[in-house]
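A.B. asks: According to this note's numbering, the stretch in the sequence shown is residues 69 to 222, in order.
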Amino acid sequence: MPDIQAAQREDAAAILALQHLAFQSEARLYNDWSIPPMTETLAASLADWDTHAVLKAMDAGGRIVGSVRAWVQDGECAIARLIVHPLNQGQGLGSALLRAIEMQAPGAQRFTLFTGARSEGNIRLYQRHGYVVVRTEVVSPAVSLVHMEKHRAV
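1. Looking at the strands, I want to know which residues DSSP matches up with ASP71.
2. Here's the rule I'm using: 16 or more other beta-carbon atoms within 10 Å means buried, otherwise exposed. How should PRO70 be labelled?
3. Kindly confirm or deny that the stretch 157-171 and the stretch 108-118 touch, where touching means at least three C-beta pairs closer than 8 angstroms.
4. Which residue marks the beginning of the beta strand (DSSP E) containing THR183, and which one marks its end?
5. Report yes or no: do three or more beta-carbon pairs, one from the stretch 141-155 and one from the stretch 164-180, lie closer than 8 angstroms?
6. With H, G and I counted as helix, E and B as strand and the rest as coil, what does DSSP make of THR204?
Have a look at this one:
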């Protein structure tokens, strides 16, 4: 299993490149290449580093093969941009990143995230980790998002 650790600002360009690669399947699924993960710039990504915890997963060769970010506010941990290199998908790395980012927010009572309504694999992943769909948001004629959450076990 790859090594998961805190990402550094100097990792931002590599993580953004991986994000663009990882979200290509989502862009194809929705036939929409303007989704935010595909159009995010390095400057916008770096701005998140001031307020978000950012983790990276490194393979044995030192390459970044996954990442996730989150921020905590008022007891809620919002998780975003969970990505895994396409060649590393289906090996448990997404689950490991999700567990790791949840552990970065020990004071959070609730975890929230969203994914595309047609992204069945993503939805199943999150459901396996205790997340439930709480609402669906129509973003455009082509894209709807499902918002999911789970509460920390007491």
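Even glycine gets a Cβ: it sits at the ideal position worked out from N, Cα and C.
Because the structure is a prediction, the values reported are computed rather than measured.
C.D. replies: Here's the rundown:
1. Beta-bridge pairing links ASP71 to MET126.
2. So PRO70 counts as buried.
3. Contact fails: fewer than three Cβ-Cβ distances are below 8 angstroms.
4. In the DSSP assignment, THR183 falls within the unbroken beta strand (DSSP E) covering 178-184.
5. Enough Cβ pairs lie closer than 8 angstroms, so yes.
6. Note: THR204 maps to strand in three-state DSSP.
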